[in-house]
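Chemist: Pasting a structure here, questions to come.
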């Protein structure tokens, strides 16, 4: 619980406590296109994760009822909702994308993602749009897990600098390596799988152990490695055990 006391970010205080209580540091990427399938998966997997990640703009039958069901499951299973929006526009446009349109992301998403190339004005736009009584946070995309990504060391450096300017709103980073020495930020590492090194479309996978121990992940993002397994719940539990044991060991050593 030491890191919880060292962060000034409200979302991170929730996450650090939740990870220790639920004994899991998994974020499940439910990148499906049918709302009923998403709800079914989330209801089964919710007890074993701290975050559910979705792409709301790929859901073919999206409506407000879907959001209501997600929020109900969030309360039932105790997790946060992460909309992987990857904001990357001028502040005025991002503000409209965050609070308006048919999705009204600010109303229900605890976390969203932002490309660091947009700079600080976009973060300020998101902060301006934050009117919910519940805490909200943004994750800066410092690195991506697919082959050919143009985000390299400059992205990591930029993400670290921006985060220090907005520590109460920037929760952490999407990254394949350590971005900041500040223990108050949380590193999310995508591209984690067991038994596969890629998907044939540029995605590159690492094991839970490599993600947490070698790449400094606090939370690992798992998706197809679970959802496409013969027994998804059994596979999720294997990810949970392996990833959390590494996380607990790493934090004990530190």
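In my numbering, the protein residues as written are 6 to 259. We put the beta carbon where it would ideally sit given N, CA and C, even for glycine.
Quick one: Cα of residue 205 to Cα of residue 67, how far?
Modeler: Interpretation of residue 205 is limited by its pLDDT of 48, a score under 50 that renders its predicted location unreliable; no figure is taken from the coordinates.
Chemist: Residue 121 and residue 163: beta carbons closer than 8 Å?
Modeler: Yes, Cβ-Cβ distance for residue 121 and residue 163 is below 8 Å.
Chemist: According to DSSP, is residue 92 part of a helix, a strand, or is it coil?
Modeler: Strand, per DSSP.
Chemist: Can you name the start and end residues of the beta strand (DSSP E) that residue 10 belongs to?
Modeler: That residue, residue 10, is in no beta strand (DSSP E); its alpha helix (DSSP H) goes 7-11.
Chemist: Quick one, which of 8, 11, 15, 10 has its alpha-carbon nearest residue 176's?
Modeler: Nearest C-alpha to residue 176: 15.
Chemist: State the start and end residues of the unbroken alpha helix (DSSP H) segment that holds residue 41.
Modeler: Counting along the chain, the alpha helix (DSSP H) containing residue 41 begins and ends at 40-50.
Chemist: When we look at the beta-carbon of residue 11 and count the other beta-carbons within 10 Å, is it buried (16 or more) or exposed?
Modeler: Exposed, because fewer than 16 other Cβ atoms sit within 10 Å of the Cβ of residue 11.
Chemist: Does the region 81-97 come close enough to the region 122-131 to have 3 or more Cβ pairs within less than 8 Å?
Modeler: Yes: at least three Cβ pairs fall under 8 Å.
Chemist: With C-beta atoms as the reference, is residue 182 less than 8 Å away from residue 220?
Modeler: Going by C-beta atoms, residue 182 is nearer than 8 Å to residue 220.
Chemist: What is the DSSP secondary structure of residue 199, reduced to helix, strand or coil?
Modeler: In this structure, residue 199 counts as coil in the three-state DSSP scheme.
Chemist: Spell out whether any CB of chain D is found under 8 Å from the CB atom of residue 42.
Modeler: As a matter of chain content, chain D is missing from the structure shown, which is built from one protein chain.
Chemist: Mind checking residue 24: buried by the 16 CB within 10 Å criterion, or exposed?
Modeler: Buried, since its Cβ has 16 or more Cβ neighbours within 10 Å.
Chemist: Assuming the contact rule is C-beta atoms closer than 8 Å, residue 42 and residue 61 should be a hit. Round their C-beta distance to whole Å, please.
Modeler: At roughly 14 Å, the Cβ-Cβ gap does not stay under 8 Å, so residue 42 and residue 61 are not in contact.
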